[in-house]
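> In this note's numbering, the protein residues as written are 59 to 285. Think of the CB as a built atom: it goes at the ideal place given N, C-alpha and C, for glycine as much as any other residue.
(1) Distance, Cα to Cα, residue 144 vs residue 188?
(2) Mind the definition here: the region 231-242 touches the region 159-171 only if three or more C-beta pairs lie below 8 Å; say whether that holds.
(3) How is the beta strand (DSSP E) around residue 137 delimited, first residue to last?
(4) Let me know the secondary structure DSSP gives residue 210 once reduced to three states.
(5) Which of the three DSSP states, helix, strand or coil, is assigned to residue 101?
(6) Out of 74, 90 and 275, state which residue places its alpha-carbon closest to the alpha-carbon of residue 116.
(7) Helix, strand or coil for residue 115? Go by DSSP, reduced to three states.
(8) I'd like to know if the region 127-134 and the region 91-106 are in contact, where contact means that at least 3 CB-CB pairs between them fall below 8 Å.
(9) Excluding the 5 residues flanking residue 218 on each side, which residues of the same chain have their C-beta closer than 8 Å to its C-beta?
Here it is as structure tokens:
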């Protein structure tokens, strides 16, 4: 059974979608704000998300970014915002499709089926919102790191580097790819940045920074995140 997470603060829309989706054999999860949406996605592992942008606590684009930190689940934006800049922002953040309100239920259902079909034909890695090592825990949805029961403060750059490695855990990530993803294309040759920031991350997260267990260097090639 396909599981759909509906995120909207308008009860009538949530009710209409739940009725229509349930009648067509979908399992429906619901959330009424951004924080509960991120929690529901992490706990419920939906196959597709239908997301309003105008939420009471977070902007929908922030929710998209939070989801994209750890999952490639299809996201269909359902919003009253019709300005092209809003559509571009949502799609750039990682949304797969954009439907404006008021909407036709048949059209939305067709787009939902198409998104699920595309997702089913794409290879997916094991995706978990929380990555636990023997030394620390990385919450990719909440963008937080905990060690020994306490939150570890990371700079935005440190977080970007750790997130990239954690999302590709167990795989070698090349120096150039890391530099381009975290700092931008203009920094593709600045490998000393990686040495400096990896050293900072190890001091904050590794039990023995000089003998790392989790943030490993592959000399001349790149870095690897190991549990």
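According to the data block:
(1) The residue you call residue 144 lines up with position 86 of the chain shown. The residue you call residue 188 lines up with position 130 of the chain shown. When rounded, the distance between both Cα atoms is 30 Å.
(2) no
(3) Position 79 of the chain shown, counted from the first residue, corresponds to residue 137. Per DSSP, residue 137 belongs to the beta strand (DSSP E) from 133-137.
(4) Walking along the chain shown from the start, residue 210 turns up at place 152. Looking at residue 210 - three-state DSSP - the assignment turns out to be coil, as it is neither helix nor strand.
(5) One-based indexing of the chain shown puts residue 101 at position 43. Correct three-state label for residue 101: helix.
(6) Reading the chain shown from its first residue, position 58 is the one you call residue 116. Comparing Cα-Cα distances from residue 116 to each of 74, 90 and 275, the minimum goes to 90.
(7) Residue 115 sits at position 57 when you count from the first residue of the chain shown. Correct three-state label for residue 115: coil.
(8) yes
(9) Along the chain shown, one-based indexing puts residue 218 at 160. Taken in chain order, the residues that qualify are 239 and 240.
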